[in-house]
Amino acid sequence: MFVPLLGKDVDEAVKEYARGKIPRRFGLLAQHLEPRTFLLEEYSVADAYLVTVLNWAPYVGIDVSQWEAVATYAQRVRERPAVARAFAEEYEIFRRTRH
Numbered sequence: 000m001f002v003p004l005l006g007k008d009v010d011e012a013v014k015e016y017a018r019g020k021i022p023r024r025f026g027l028l029a030q031h032l033e034p035r036t037f038l039l040e041e042y043s044v045a046d047a048y049l050v051t052v053l054n055w056a057p058y059v060g061i062d063v064s065q066w067e068a069v070a071t072y073a074q075r076v077r078e079r080p081a082v083a084r085a086f087a088e089e090y091e092i093f094r095r096t097r098h
């Protein structure tokens, strides 16, 4: 659902369709994460990818705080030293290269 929302040349009807999918998809994700620390039994590449995708949420107007389990999960993963370092390095590259 993020790809159409991030697209500059995407028709507004397509974006609206994608927005309509948000509550159900985030609800399912929250339900899955509620009893867990990570997506699987332990931290995996799936968590690294999901937290990356969740970082796109504010840029498309999604407030993940309404799904507490998702927000808590994202914060927990972002606080892992390697993830925090990767985000900091990525942000520095973005800051230096944006026009």
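Start counting the sequence shown at 0; every next residue gets the next number (numbering that gives the first Met the number 0). We put the CB at the ideal spot given by N, CA and C, even for glycine. Remember, it's a predicted structure, so these values are computed and weren't measured experimentally.
Beta carbon of residue i nearer than 8 Å to that of residue j
i, j, result
"tryptophan 66", "glycine 26", "yes"
"alanine 68", "leucine 32", "yes"
"valine 63", "leucine 53", "yes"
"arginine 23", "methionine 0", "no"
Which of helix, strand or coil DSSP assigns to residue i
i, result
"glutamate 40", "coil"
"glutamate 78", "coil"
"valine 9", "coil"
"isoleucine 61", "coil"
"arginine 84", "helix"
"arginine 97", "coil"
Residue burial classification, residue i (beta-carbon count within 10 angstroms, cutoff 16)
i, result
"threonine 76", "With the sequence shown as reference, residue 76 is identified as valine, and threonine is not the correct amino acid for it. The residue in question, valine 76, is buried, as its Cβ has 16 or more Cβ neighbours within 10 Å."
"leucine 5", "exposed"
"alanine 73", "buried"
"leucine 39", "exposed"
"aspartate 10", "exposed"
Which runs of the alpha helix (DSSP H) fall wholly inside the stretch 14-38 and span at least 4 residues, in chain order?
-> none
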